[in-house]
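Notes to accompany the following structure.
Number of protein chains: 2
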Amino acid sequence: MPRYALLIEYDGSRFFGFQRQREAPSVQQFLEDTITLFVKHPVIIHGAGRTDTGVHALGQVVHFDADHSIDTDKLRGCLNFYGKGKGVSVIDIVHVDDDFHARFSALERSYIYVILNHQSSSALMEGRCTYVYPVLDIEAMARASQKLLGTHDFNGFRSVHCQANNAIRTLNKCTVTQHGSYIVTTLRARSFLHNQVRIMMGTLIQIGLGRQPVTWIDDILNLKDRVKSGPTAPPHGLYFKAVTFDPDVFTQSSRQLVFL
Amino acid sequence: MPRYALLIEYDGSRFFGFQRQREAPSVQQFLEDTITLFVKHPVIIHGAGRTDTGVHALGQVVHFDADHSIDTDKLRGCLNFYGKGKGVSVIDIVHVDDDFHARFSALERSYIYVILNHQSSSALMEGRCTYVYPVLDIEAMARASQKLLGTHDFNGFRSVHCQANNAIRTLNKCTVTQHGSYIVTTLRARSFLHNQVRIMMGTLIQIGLGRQPVTWIDDILNLKDRVKSGPTAPPHGLYFKAVTFDPDVFTQSSRQLVFL
């Protein structure tokens, strides 16, 4: 049973999330159905992370088992042929060891959250960033983001539907940087809770708007209560950027983000 | 008759070009119709440059005359409200002198051409770059681009439908740079001929593919014959980046292209 890992990019607005749904197009369903056509037997796709409807991926990683050895260049070509116009592209496919697992072997996941902060929204970035009209205090957002770093009980920053046993996670990176009218937050952790990034971003935006002080983060971390934190920020500003494995499995790197 | 200049961004895939057409949506038609609703009299939009179907704009400039003074913030809000989901956004609107003309006052126009050169196309940049599968020789393209600089008879690089009296133009900038898998060519001139950028890019791509030598540019400049140059490169890799005026008229800058 050879195992294959795929590095994939997708436009989240074209799917009802990563995970297979009964009656709505998902990234998992597209991949399982198309790979099944190619290998001629049913396959199960395991992803490094589930993304919600609207969330994009620059470097999602998935794996599946085939019952025979396959030509990875041909499968990549096949998936990109069927994925064209559907919002998915496969950057790389590699044969991996039997003990590799897209979800359990992942050492770190990184996300990018893109805010356009300007008097006008962008025609070319519509659905690919979160538009905020009032001027954000980036310096306050950057200071608040530093308070999220490290190991905390992030219960105040997860969806009430989150099924993880506990909310203790370690945030390794959380930086807020400005690129012209865009504000880009980069976040890295071994794993994230359900909606954690979007709730943290919704909270940082409230601080950027001046509606809450930087110390609000301390309060939420202490109270550990979802009702105390900010709203869940929109999905279309969020990009699942990359997954780290040791050793690295892909020959290609995950996609860059181009701001227009 | 106060005159107003607009800095606009658009997604070229949503329009049949800039110029008003009898029966197809154009940027000019959207602007004229929406501004007419606002000012309550017919207006004529003059653009700094016409863009073909599929060509995007990060900083097109247009002007129109109103028969009364208007609130530019309100008009911007109105246009962005009606333009949302239609592929246009208005970055800035300013009152300008009566002798300002979007087309005739323009000192320089700049364009960007974006090529994705990778084994896989990009789901998120589909329709926003030109995808080339074989590895391009960027160094050869960069050397060839330098031969286009300066004043030449660009007859070999214009559409047979071009209506300009002569083909002598001065290219002030033409640089080819790499950003990961993307190859970005930046071009600047006071004015360009019809399809000039796309034919120059189609020619540079042939050189990058190794199908023609760098000296092919000299031959085309000498022969001045459209049939000797490369194919017209696809429109969706092309962005009308900015227009230079002296003095500068806008308080905002044109949209960015950032690779992250």
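Protein sequence lines correspond, in order, to chains V and R.
At position 62 of the first sequence (counting the first as 1) the number is 44 in this note's numbering, and the numbers step up by one without a gap.
At position 223 of the second sequence (counting the first as 1) the number is 205 in this note's numbering, and the numbers step up by one without a gap.
Glycine included, every Cβ here is placed at the ideal spot set by N, Cα and C.
Asked                                                                                                                                                                              : Found
When the Cα atoms are used, what is the spatial distance from I199 (chain R) to L(-12) (chain V)?                                                                                  : 41 Å
Determine the closest residue to I52 (chain V) out of V:A30, V:H77, V:A39, V:H28, with distance taken between C-alpha atoms.                                                       : V:H77
Any idea what DSSP makes of L(-12) (chain R), helix, strand or coil?                                                                                                               : strand
Can you list, in chain order, the stretches of the alpha helix (DSSP H) that have 4 or more residues and sit fully within the region 55 to 119 of chain V?                         : none
Check whether the Cβ of H161 (chain R) lies closer than 8 Å to any Cβ atom in chain V.                                                                                             : yes
Taking the C-alpha atoms as reference points, what is the distance between L61 (chain R) and G29 (chain R)?                                                                        : 16 Å
Helix or strand or just coil, what does DSSP make of R125 (chain V)?                                                                                                               : helix
Verify the CB distance criterion: does L242 (chain R) have a CB-CB separation below 8 Å to chain V?                                                                                : yes
Just to confirm, are Y164 (chain R) and I97 (chain R) a CB contact at a threshold of 8 Å?                                                                                          : yes
L57 (chain V) versus chain R: which residues are under 7 Å apart at the beta carbon?                                                                                               : Neighbours of L57 (chain V) on chain R: none; closest Cβ ~12 Å, over 7 Å.
With a cut-off of 8 Å, does the C-beta of S71 (chain V) fall near any C-beta of chain B?                                                                                           : Of the protein chains in this structure, namely V and R, none is chain B.
Taking the beta strand (DSSP E) that D207 (chain R) falls in, what are its first and last residues?                                                                                : D207 (chain R) -> no beta strand (DSSP E), and no H or E assigned at all.
Which same chain residues, not among the five before or five after P24 (chain V), have their C-beta less than 6 Å away from its C-beta?                                            : T18
Give the secondary structure of T185 (chain R) by DSSP, where H, G and I count as helix, E and B as strand, and everything else as coil.                                           : helix
Using 8 Å as the limit for Cβ to Cβ distance, is D(-7) (chain R) near chain V?                                                                                                     : yes
Taking DSSP as the reference, what is the three-state secondary structure of T18 (chain R)?                                                                                        : helix
Is the shortest distance between the beta-carbon of L(-12) (chain V) and the beta-carbons of chain R less than 8 Å?                                                                : no
Within this structure, are the beta carbons of E90 (chain R) and R140 (chain R) separated by less than 8 Å?                                                                        : no
For K22 (chain V), is the classification buried or exposed, using 16 other Cβ atoms within 10 angstroms of its Cβ as the cut-off for buried?                                       : exposed
Give the interface partners of S104 (chain R) over in chain V, defined as CB-CB distance under 7 Å, in chain order.                                                                : E(-9), S71, R237
Under 8 Å by Cβ, that's how I've got M123 (chain R) and L203 (chain R) pegged, so tell me the actual separation to the nearest angstrom.                                           : So it is not a contact: roughly 16 Å between Cβ atoms.
Helix, strand or coil for I150 (chain R)? Go by DSSP, reduced to three states.                                                                                                     : strand
Please return the same chain residues whose Cβ sits closer than 6 Å to the Cβ of C156 (chain R), not counting the five positions on each side in sequence.                         : S127, L130, L131, L169
Since Y112 (chain R) contacts P216 (chain R) with CB under 8 Å, what's their CB separation in whole angstroms?                                                                     : A small correction: the amino acid at residue 112 (chain R) is Thr; Tyr does not occupy that position in the sequence shown. Correct: roughly 5 Å between the Cβ atoms.
Give a yes or no on contact between the region 218 to 238 of chain R and the region 188 to 198 of chain R, applying the rule of three or more CB pairs nearer than 8 Å.            : no
Please list the partners that G65 (chain R) has in chain V, where partner means a Cβ-to-Cβ separation under 8 Å.                                                                   : A105
Drop a sphere of 10 angstroms on the beta-carbon of K56 (chain R), count the other beta-carbons inside from all chains shown, and report buried for 16 or more, exposed for fewer. : exposed
Any Cβ of chain V within less than 8 Å of the Cβ of N99 (chain R)?                                                                                                                 : no
In chain R, which residues lie less than 8 Å from H77 (chain V) when you measure between Cβ atoms?                                                                                 : Those within 8 Å of H77 (chain V) in chain R number zero; the least Cβ separation is about 16 Å.
For chain V, check one thing: does any of its Cβ atoms lie closer than 8 Å to the Cβ of H218 (chain R)?                                                                            : no
How is the beta strand (DSSP E) around V43 (chain R) delimited, first residue to last?                                                                                             : 38 to 47
At the 8 Å Cβ level, is Y93 (chain R) part of the contact set with chain V, yes or no?                                                                                             : no
So V70 (chain R) and V9 (chain R) are supposed to be a Cβ contact under 8 Å. How far apart are they, rounded?                                                                      : 6 Å
Considering only their Cβ atoms, is the gap separating R237 (chain R) from L264 (chain V) smaller than 8 Å?                                                                        : Residue 264 (chain V) is absent from the model: chain V starts at -17 and stops at 242.
Quick one: grab the DSSP three-state call for D200 (chain R).                                                                                                                      : helix
Could you please give the first and the last residue of the uninterrupted beta strand (DSSP E) stretch that includes T246 (chain V)?                                               : This structure cannot speak to residue 246 (chain V), because chain V is shown only from -17 to 242.
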